[in-house]
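A.B. asks: Input: one structure, supplied below.
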Amino acid sequence: MHTPSTEPHAIVVVFHRDGHAARSQHERATQRALAGQLALLLGASECVEFDAARTYPPQRYFVPDDTLPVCIADRLGIVTGDDLFGGVVPYPFVGTKVVVHGLPPGAQVKPEGWQDLLGESVRDLVLPGFSAFTGADARAATAQLLADGSVRLKRPSGIGGTGQAVIVDKTELEAHLNAIGDDTLRTEGIVLERNLRDITTFSVGEIHVRAHRASYYGVQRLTRNNRGHAVYGGSDLVVVRGTLDALLREPMPDETRAAVECARAFHAAIRSAFPGFIASRRNYDVASGVDESGHRHRGVLEQSWRIGGASGAEIGALRAFANDPALTSVRASTVELYGADVKVPANAVIVYQGIDAHSGRVTKFFTVEPGPRMKGASA
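This note's numbering puts the first residue of the sequence shown at 171, with every later residue one more than the last.
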């Protein structure tokens, strides 16, 4: 069994954005637990909560709860992807769903830093849709999309399907625009895109934690929370050592390969459009489905450049690769379950188990099952 080398004076620092603290008790505890897993991977001497009064050594490694704007990254001394598990964006909108789509023709308002050419370059990598920052632009976008079927409205920072609605006519749109309000719309924007049925959503990702790098594809699962609502229940991933290029050399179904290539091309477009962009953890949801006219579409739904639901599996896979240099791939899963009657496998790593003030009793864990090893390698 091999173990990762210790980085002298390395410290892992859990960081919460001002005004963007983890959304619940169990999310905050999960962030801290996964930071602890990263500390083990790096051989760090400490895993601590951020303290503005403390001076940290050069080897500090941040684990934020959200994508960071450049101003905060500069304040923390984050310069490259080796400094954090997550991402840094040059403008706030880049870290939200609105970056996925271009604006409708003749748009009245665009945020600072908006790149019109990006919308053109990713048009074939996303679903038909637009982002909008005014009521007039939202109406124009919806009118164009409604000609071919219903429209999905998405708030820019919704997680796990929250902040979404299906729009079938102008009256429904107006009700949602009134609820959002002009000021919020101008500041945050909204996404309006083709609504699909019979959807398969792939998770495609690449992560690097200093010298450790892996990439993956997989699918998400739903579960029922303590109120009986369908919510995110975990991810099942196939993870390989190396980049997305290494992943694409592996055998996989054609539809999966197309999703991986779609995510890789979208990421390249983002990097080209925003030179100040940094991401050591990048996850893309890629949907494949049929619209109401029977046309099939495939495209990136959203990006995640922060610690997320699949991160337990991601970090667990990195630790498995670090412990066994001959290992080339693993199957890794995250599981989120609600209620008291939860069975946890013996090989699982629990990242949260308790009663959350908002969500009730929650259990979260991840598992890693080794795959192929290099030929000729000893066990």
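For every residue, glycine included, the Cβ atom is placed at its ideal position computed from N, Cα and C.
1. CA-CA distance, LEU635 and ALA428?
2. What does the Cβ neighbour count give for GLY524, buried or exposed, with the cut at 16 atoms within 10 Å?
3. Our contact map puts GLY375 next to ALA480 with C-beta atoms below 8 angstroms; I'd like the distance itself, whole angstroms only.
4. Taking 8 angstroms as the cut-off, does the stretch 375-388 touch the stretch 412-426 (at least 3 CB pairs, one atom from each stretch)?
5. By alpha-carbon positions, which one of VAL521, GLY541, LEU323 and GLU290 ends up nearest to GLN207?
6. Which residues bound the beta strand (DSSP E) around HIS378?
7. Just the Cα atoms here: how many angstroms apart are PRO174 and ASP252?
8. Can you give the Cα-Cα distance for ALA180 and GLN229, rounded to whole angstroms?
9. Helix, strand or coil for SER481 per DSSP?
10. Identify every run of the beta strand (DSSP E) within the stretch 496-521, keeping only runs that are complete inside it and at least 3 residues long; order them along the chain.
11. Are the C-beta atoms of PRO515 and some chain B residue less than 8 angstroms apart?
12. For the alpha helix (DSSP H) that contains GLY276, what are its first and last residues?
13. Could you give the distance in angstroms between the alpha-carbon of ASP236 and the alpha-carbon of TRP475?
14. Are ASP455 and SER373 touching if we call contact CB-CB under 8 angstroms?
15. Taking only runs of the alpha helix (DSSP H) that begin and end inside the stretch 318-363, which ones reach a length of at least 4 residues, in chain order?
16. Any chance the stretch 503-521 sits against the stretch 395-403, with 3 or more Cβ pairs inside 8 angstroms?
17. Whole angstroms are fine: how far does the CA of ALA209 sit from the CA of ARG224?
18. Can you tell me whether DSSP reads ALA139 as helix, strand or coil?
19. What does SER474 pair with, by DSSP beta-bridge criteria?
20. Kindly list the residues whose CB is nearer than 7 angstroms to the CB of PHE535, restricted to its own chain and excluding five residues on each side of it in sequence; keep chain order.
21. By alpha-carbon positions, which one of GLY478, ALA205, GLY247 and ARG531 ends up nearest to ARG394?
22. Assess, as a yes-or-no matter, whether the stretch 246-260 is touched by the stretch 286-299 under the definition of 3 or more beta carbon pairs within less than 8 angstroms.
23. Which runs of the beta strand (DSSP E) spanning at least 3 residues fall entirely within the stretch 209-275, listed in chain order?
24. Quick check on DSSP: helix, strand or coil for SER463?
25. Within the same chain, show all residues whose beta-carbon is closer than 7 angstroms to that of ALA433, passing over the 5 residues directly before and after it, in chain order.
26. With DSSP as the reference, identify every bridge partner of ALA551, one or two as the case may be.
27. Can you list, in chain order, the residues of its chain whose CB lies under 8 angstroms from that of SER405, leaving out five sequence neighbours each side?
28. For ASP353, count neighbouring Cβ atoms within 10 angstroms of its own Cβ and tell me buried if that reaches 16, exposed if not.
29. Let me make sure I understand the geometry here. Which of GLU472, CYS241, GLY299 and PRO326 has the alpha-carbon closest to that of ALA313?
30. Compare the C-alpha of ILE448 against each of ALA205, VAL240 and LEU273 and name the closest.
31. Under a Cβ-count criterion, where at least 16 other Cβ atoms within 10 Å of its own Cβ denotes burial, should SER450 be classed as buried or exposed?
C.D. replies: According to the structure shown:
1. Within the shown structure, residues of the chain are numbered from 171 to 549, placing residue 635 beyond reach of any answer.
2. exposed
3. 7 angstroms
4. yes
5. VAL521
6. Under the DSSP assignment, HIS378 falls in the beta strand (DSSP E) whose first and last residues are 367-379.
7. Note that PRO174 scores a pLDDT of 49, beneath 50, so its modelled location is shaky; the value from the coordinates is reported in the next line. The alpha-carbon atoms of PRO174 and ASP252 are separated by roughly 16 angstroms.
8. Take the alpha-carbon of ALA180 and the one of GLN229: they are about 5 angstroms apart.
9. helix
10. 499-508
11. Among the protein chains of the structure shown there is no chain B, as only one such chain exists.
12. From DSSP, GLY276 is part of no alpha helix (DSSP H); its letter is neither H nor E.
13. 8 angstroms
14. yes
15. 340-350 and 352-358
16. The stretch 503-521 vs the stretch 395-403: in contact.
17. 19 angstroms
18. With the chain covering 171 to 549 only, the question about residue 139 has no answer from this structure.
19. ASN453
20. Excluding residues within five positions, the ones whose Cβ falls inside 7 angstroms are VAL505, VAL514, ALA518, VAL519, ILE520 and VAL521.
21. It is ARG531 whose Cα lies nearest to the Cα of ARG394.
22. no
23. Within the stretch 209-275, the complete beta strand (DSSP E) runs of at least 3 residues are 216-219, 230-234 and 257-259.
24. coil
25. Result list for ALA433: VAL374, TYR454, VAL456 and VAL470, in chain order.
26. The question about residue 551 has no answer here: the residues shown for the chain are numbered 171 through 549.
27. SER373, GLY388, VAL389, GLN390, ARG391, GLY479, ALA480, ALA483, SER503 and THR504
28. exposed
29. GLY299
30. VAL240
31. buried
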